[in-house]
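In the numbering used here, the protein residues as written are 850 to 1002.
Glycine is no exception: its CB is placed at the ideal position from the N, C-alpha and C atoms.
Small disclaimer: the values here were computed from a predicted structure and weren't measured.
Below you'll find the structure, written out as structure tokens, and then a few comments.
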């Protein structure tokens, strides 16, 4: 294994264990003193659903997932697309803008935002961009996070 890559991956398990050991908080009540830069995990009961990462405030990124700006949220889109059996498209037909005008999809999207607001969330600080990207993938694999597939669309 390349030395630099080994340096990046060696701490991943410890960071993942630290994240999983954190007492979860409800997404809508994440404290204001969260670190800048890191990885977060959304869960419901014992089901781990979504891992994300940010170089900015972890609290702000978590709150984006149920906030008013649809372009700042990826997780509610995944839930709403699954609920309505709508797949991602980069064409005007099926675009985010169009989907939000569809009453069925809009309801599913808004329901997803409400659901996410009540989910448990854990997080861990990781400011280094390469390690952060690897940690996101590592946590998603270890927890079998349902909505992380790392597929390209």
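Residues near residue i in its chain [Cβ-Cβ closer than 6 Å; skip 5 each side]
{"i": "residue 973", "result": "864, 867, 868, 887 and 888"}
{"i": "residue 921", "result": "913"}
{"i": "residue 980", "result": "857"}
{"i": "residue 996", "result": "898, 899 and 927"}
Collapsed DSSP secondary structure at residue i in the structure displayed
{"i": "residue 972", "result": "strand"}
{"i": "residue 923", "result": "coil"}
{"i": "residue 896", "result": "strand"}
{"i": "residue 856", "result": "helix"}
{"i": "residue 902", "result": "strand"}
{"i": "residue 954", "result": "helix"}
{"i": "residue 939", "result": "coil"}
{"i": "residue 890", "result": "strand"}
{"i": "residue 931", "result": "helix"}
{"i": "residue 985", "result": "helix"}
Backbone CA spacing between residue i and residue j [nearest angstrom]
{"i": "residue 978", "j": "residue 916", "result": "25 Å"}
{"i": "residue 954", "j": "residue 982", "result": "30 Å"}
{"i": "residue 885", "j": "residue 958", "result": "28 Å"}
{"i": "residue 970", "j": "residue 961", "result": "15 Å"}
{"i": "residue 947", "j": "residue 897", "result": "30 Å"}
{"i": "residue 976", "j": "residue 903", "result": "9 Å"}
{"i": "residue 918", "j": "residue 935", "result": "20 Å"}
{"i": "residue 862", "j": "residue 985", "result": "11 Å"}
{"i": "residue 951", "j": "residue 939", "result": "17 Å"}
{"i": "residue 944", "j": "residue 874", "result": "33 Å"}
{"i": "residue 925", "j": "residue 881", "result": "22 Å"}
{"i": "residue 987", "j": "residue 937", "result": "24 Å"}
{"i": "residue 895", "j": "residue 931", "result": "20 Å"}
{"i": "residue 907", "j": "residue 883", "result": "6 Å"}
8 Å CB neighbourhood of residue i in its chain, flanking five on each side removed
{"i": "residue 923", "result": "901 and 914"}
{"i": "residue 876", "result": "891, 911, 912, 914, 915, 965, 966, 967, 968, 969 and 970"}
Residues of its chain near residue i, where Cβ-Cβ distance is below 7 Å and the 5 sequence neighbours each way are ignored
{"i": "residue 929", "result": "954, 957, 958 and 961"}
{"i": "residue 850", "result": "none"}
- Item | Contact between the stretch 906 to 922 and the stretch 982 to 995 (3+ Cβ pairs under 8 Å) | The stretch 906 to 922 makes no contact with the stretch 982 to 995, as fewer than three CB pairs between them are under 8 Å.
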